[in-house]
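Residue numbers (my numbering), protein chains in the order written: chain F, 1 to 377; chain V, 1001 to 1288. From the three backbone atoms N, C-alpha and C, an ideal C-beta is built for every residue, glycine too. Values in this document were obtained by computation on a predicted structure and should not be read as measured data.
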Amino acid sequence: MKLYEYLAKGIFRTEGIPLPEGGVAQTPEEALAIAKDIGYPVAIKSQVLAGGRGKAGGIAFANNEMEVINESARILGSELKGLRVGQVLIEEKLKIDKEYYVSITVDNFIKKPIILASSQGGVDIEDVSEEYIVKKVVDMEVGVYPYLGREIARKMGIKGELMNQFSSLVIKMYDLFRKYEAELVEINPLVRSGDKLIALDARLNVDDDALYRHQDLPRIVEGEEWEIKAKALGLSYVQLDGDIAVMANGAGITMATLDLLAIFGGKPANFLDAGGGAAVEPMAKALSLLNDTKPKVIFINIFGGITRCDDVARAIIEVRKSTDFSAPLVIRLTGTREEEAIQLLQENSLSAYKSMEEAARKAVALSKPSSGCSGGR
Amino acid sequence: MAILINKDTRVVVQGITGKQGSFHTREMVNYGTNIVAGVTPGRGGMEIEGITVYDTVAEAVEQRQADASVIFVPAPLAKEAAFEAIYAGIKTIVIVTEHIPFHDTLQIISYTQKNGVVQIGPNTFGICSAGQAKIGIPPNSIFTPGPVGVVSRSGTLTYEIVSNLSTRGIGQTTCLGLGGDRVVGLSFVDILKMFEKDNETRAVVLVGEIGGRQEEDAAIYIKSMTKPVVGYIAGKSAPPGKRMGHAGAIIERGAGGFNSKVESLKQAGVKVAEIPSQVADYIADLLK
């Protein structure tokens, strides 16, 4: 789960990380009140979960009341990278002498936390050339001590009193990383303003699987309409832009199913993993959701292992009874209790393929307007 | 021969009294796995599927000389279960549980590495040395003994591919799931090295997916292998920035994309199948 900048900054502040003064506003009037409080000039920053806000017009500066009202009115309610802006962060505009980058994440290969830092801040870290990136692996049993911070600072060319400030900052970031079980703690840019290091931006991405231990954190729901609905049903779902809805069991085979449809010239509408041992009820719910997205075809691809094919057949039959299916179904079932499943389907004038590829070809054909095929399979 | 487990491996099931634990214990016993004990704290003395349940893993090791463990306990308790197994001297642990907080996984890995323990998972289907032993959850019916080693990041897709192989009369030495999480105990390279050494393994199937750079690392090692490798990578049509079911299956910050993996593998001489059924075709050609 990604936190909005203002929420991440709220948490950074409690940890004692130096930040610009500011506050969050939902209306231009609120923005004005905050700006009056902190004094001009101010920065007005859209609060959306997307990078590159500046380039997209989501960050503005204001030198007086009029500009605060106009700019916050423009940004609030606008769309930024497809996301509606509901809040703006009003902050003091700092004099920037130098921009740095610093983050803590996990190196999947070394399987340990890693600190990444650079003297070239303010741009995406992947655009910074390797020679300007300092990487330090953290031994979790030791943690982060000032010496590690000083060593990183030295390599970034940060000297004197700033070195101590940087070191203290990195320790605080690591404490947050552990405390909130973060996937990413990032400050980009970290700026030098006069003799102070200040976090101009803040990112805190928390592991979804650890959220149950962090009841104090707000729950941020992001994603498209169907993704939010699917998440509420406990489904693993990703919205795509095609017209063949897909349900399969297992993340790998679901991905492979989408790929197969695309290779055969079709356009998958979604990723939906019904899970390894899904029972009738959750599968029926998943199918019902797919039907609601009004696809041209629904392609069900099940390799029965722990999942029983007859359960899948029952889910299909149940959903077809209770809802009006607008799209034709293409069903592929093989594995555990395949025969029972096929019999059940046949009793309900449905049929199933055994081969994933044949079924995928059929689904693609049905999605094409020229095919002349109609539903009823 | 096979890698990591065989018919003599003595397995303790942690979380044996749960729904998943008891169901899969029965399946593993049916497959011929030497399940010697179960552990559920507070249920010591019970019997599940004819297997004696102990309160602690140490007791299962003491009484029944268990040397491998499979963990079915719920995610919030999985870290402790893994620590307990390592503490008790278990040398191979298979963590089937999914949704383990990843900071917990980092700690588990740190402890397994320090103690020289082989950690399979989390979020894995487990491992099966065909015809000998299965530790985990894949369906028993798909495996056939034979000369192909299989290593994968996903479950059902692997069953699909293994089933294709078996249907065509191509058997397997060992099939192993690394796990779908972003951080797991073993890498492709670890397993490829074992297959390279294993006398019975004549060819290897590598089933990868988007996310991370494991496949690219594997490609570097494959260049030095004497045995042929056939690959398949899932996620060609996955959009960047989206988690495709597995925590580890995400293209982020410009890394983990499909093309880089396929290209790296091809450059290393791997025949990369475009669709899952081609894997068996390529393997059949190689074994002719």
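In this structure the segment 1245 to 1255 of chain V lies against the segment 252 to 264 of chain F, because at least three pairs of beta carbons, one per stretch, are closer than 8 Å. Considering only I96/F, L240/F, P20/F, K296/F, the residue with the shortest C-alpha distance to G194/F is I96/F. Distance from the CA atom of L1176/V to the CA atom of R1182/V, rounded to whole angstroms, is 17 Å. Residue E1196/V holds the alpha-carbon nearest to the alpha-carbon of T1226/V among A1133/V, E1196/V, E1062/V. Comparing C-alpha distances from R1043/V to each of A1037/V, E1049/V, Y1054/V, A1255/V shows the shortest one belongs to Y1054/V.
Relative to the Cα of F12/F, the nearest Cα in the group I263/F, R192/F, T334/F, S168/F belongs to S168/F. For E126/F, at least one C-beta of chain V is nearer than 7 Å to its own C-beta. Closer than 7 Å at the C-beta level to chain V, one finds these residues of the segment 257 to 268 of chain F: L258, D259, L260, A262, I263, P268. A residue is called buried when at least 16 other Cβ atoms come within 10 angstroms of its Cβ; T1033/V meets this threshold and is buried. Look at I1210/V here: in three-state DSSP terms it is coil, with no helix or strand label. The segment 1063 to 1071 of chain V and the segment 1126 to 1139 of chain V touch, with three or more beta-carbon pairs separated by less than 8 Å.
Shown here, I110/F sits in coil according to DSSP, grouped into three states, outside any helix or strand.
Under the DSSP assignment, V1148/V falls in the beta strand (DSSP E) whose first and last residues are 1145 to 1152. Against chain F, a Cβ distance below 8 Å from P1139/V picks out G304, G305, I306, G335, T336. From the listed residues A1088/V, V1151/V, T1173/V, the smallest Cα separation to T1144/V is found for T1173/V. The Cβ-Cβ distance between Y1282/V and V1230/V falls below 7 Å. The DSSP-derived three-state label of V142/F is coil.
In this structure, I1048/V sits away from I1035/V, with a CB-CB distance that is not shorter than 7 Å. Counting other Cβ atoms within 10 Å of its Cβ, S367/F reaches 16 or more and is therefore classed as buried. Following the DSSP letters along the chain, one finds K1266/V inside the alpha helix (DSSP H) bounded by residues 1258 to 1267. Sequence-distant partners of T336/F (beyond 5 residues in either direction) whose C-beta falls short of 8 Å from its own C-beta, in its chain, are G304, G305, I306, T307, R308, C309.
For Y1054/V, there are no C-beta contacts with chain F under 8 Å, since the nearest C-beta of that chain is about 26 Å from it.
Here the alpha carbons of V1151/V and I1016/V stand approximately 26 Å from one another. S1264/V and E347/F have their C-alpha atoms roughly 49 Å apart. Under the Cβ criterion (8 Å, minimum of three pairs), the segment 108 to 119 of chain F does not count as touching the segment 81 to 91 of chain F. Counting every other CB atom within 10 Å of its CB across the protein chains shown gives N64/F a total below 16, marking it as exposed.
The Cβ neighbour count for Q1063/V, taken over all protein chains shown within 10 Å, is under 16; the residue is labelled exposed. In terms of beta-carbon proximity, E1209/V lines the interface with chain F, with at least one pair separated by less than 7 Å. Using a 10 angstroms sphere on the CB of K294/F, the tally of other CB atoms stays under 16, which defines it as exposed.
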